[in-house]
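Each remark here refers to the structure printed beneath this line.
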Amino acid sequence: MSNSAVDITLLGRTYSIACPKGQENALRVVAQGVEQQLSSVKAKTNSLSREEIAIMAALNIGYELYEEKQKNQQYMQQMDERIGLLQSTLEHALVERSVQED
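The numbering of the sequence shown is the working numbering, which starts it at 2 and goes up by one.
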């Protein structure tokens, strides 16, 4: 699959990023979220360098990702428990039905 160049702007600087065709919009959306994080960190701490702002924003984004992974893991665990309960209920119902038919 070929790439296309997408221009994104972060903290006032424009970068041309290679992106697989069809993924341009996703890259723009992600870049917009990164820009929001960068701007938020910059607004809160005026004395940080661009590098420090980028590091703080990366940590914030990483923490958000961690939280989402934890939620997903908890959800998967709940679904596994529900599926197990459903399987057990179905098995019990089938056993009862076969006993009643005998």
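A virtual CB, placed ideally from N, CA and C, is assigned to each residue, including glycine.
Looking only at its own chain, which residues have a Cβ that is under 8 Å from the Cβ of residue 42, when we skip the five neighbours before and after it? These residues qualify, in order along the chain: 49, 54, 57, 58 and 61.
Cα separation between residue 70 and residue 99? Roughly 43 Å separates the two Cα atoms.
Output needed for residue 38: all residues of its chain with C-beta closer than 7 Å, excluding positions within five of it in sequence on either side, in chain order. Cβ neighbours of residue 38 beyond the five flanking positions: 58, 61 and 62.
Mind checking who residue 5 pairs with in its DSSP beta bridge? DSSP, once it has assigned bridges, lists 20 as partnering residue 5.
So, at 8 Å on beta carbons, what are the nonlocal neighbours of residue 4 in its own chain, with the 5 sequence-adjacent residues on each side left out? Short of 8 Å from the beta carbon of residue 4, and not among the five residues preceding or following it, lie these beta carbons of its own chain, in chain order: 19, 20, 21 and 22.
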